[in-house]
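Trainee:
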Amino acid sequence: MRRVAPKHQRLLLAGAALLAVAGAGLSGAYALQNRASYFYLPAQMMADPPAATRAVRLGGMVERGSLRREADGITIAFTVADDRGGRVPVRYRGIAPDLFVEGSGVVAEGRLGPDGVFLADNLLARHDENYVPRELKDMHVAGAPGGAGVAAAARR
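Going by the working numbering, the sequence shown opens with residue 62, and the numbers climb by one from there.
Structure representation (structure tokens):
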């Protein structure tokens, strides 16, 4: 068997390390691509609906009077609204966060169904009374706490 010269051995080792790093980078990029989700306001989702296979986030205010609990006790339906007149119906099966109430801010993660109903896999509620997401800061939705939307809730 022929012995590899030390110079060539270092080159082979460096090449193998480079291939391993490139493979790990590509694998990570592919995983992040499938995990990334875009943020939509209801008006944006109505104007340019995402593909049904694409995971996205829908953010806005839970419209007052829209929250309904299904007979199974675990499925809820509600409408997310924004200050641009956008309204998107949402269905969520699971335990809602404690801070999830009508008139509060919400971010729902999931997919838009073929019937136009957003099928949420996860709900995120405002974590305290002062937090307002940057995208929702200037939103004013009728029926929100204080009648003035997120901005009023943030002043509490």
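Glycine included, every Cβ here is placed at the ideal spot set by N, Cα and C.
(1) For I156 and A112, I'd like the C-alpha separation in whole angstroms.
(2) With distances taken Cα to Cα, identify the nearest neighbour of M122 among G134, G171 and A104.
(3) Could you compute how far the alpha carbon of D143 sits from the alpha carbon of V151?
(4) Along the chain, where does the beta strand (DSSP E) containing A169 start, and where does it finish?
(5) Pull up the CB-CB distance for A132 and R172, whole angstroms please, since I reckon it's below 8 Å.
(6) Taking 7 Å as the cut-off, is the C-beta of A83 nearer than that to any heavy atom in the ligand SAM?
(7) Is A214 helix, strand or coil by DSSP?
(8) Is it the case that the Cβ atoms of M107 and L119 are separated by a distance below 8 Å?
(9) For G147, list the residues DSSP reports as bridge partners.
(10) Measuring only the C-alpha atoms, how far is G134 from G177?
Mentor: Looking at the coordinates:
(1) Whole-angstrom Cα-Cα distance: 26 Å.
(2) Nearest of G134, G171 and A104 to M122, Cα basis: A104.
(3) Rounded to whole angstroms, D143 to V151 spans 14 Å at the Cα level.
(4) The continuous beta strand (DSSP E) containing A169 extends over residues G166 to L173.
(5) For a cut-off of 8 Å, the C-beta gap from A132 to R172 is around 24 Å, too long to register as a contact.
(6) What this structure holds is no ligand at all, so the ligand SAM is not there to describe.
(7) Reliability fails at A214, whose pLDDT of 42 lies under 50, so the model's placement of it is uncertain and the value that follows must be treated cautiously. Correct three-state label for A214: helix.
(8) By the CB criterion at 8 Å, M107 and L119 fall outside the cutoff.
(9) BP columns for G147 are empty, so no partner.
(10) Answer to the nearest angstrom: the Cα atoms are 23 Å apart.
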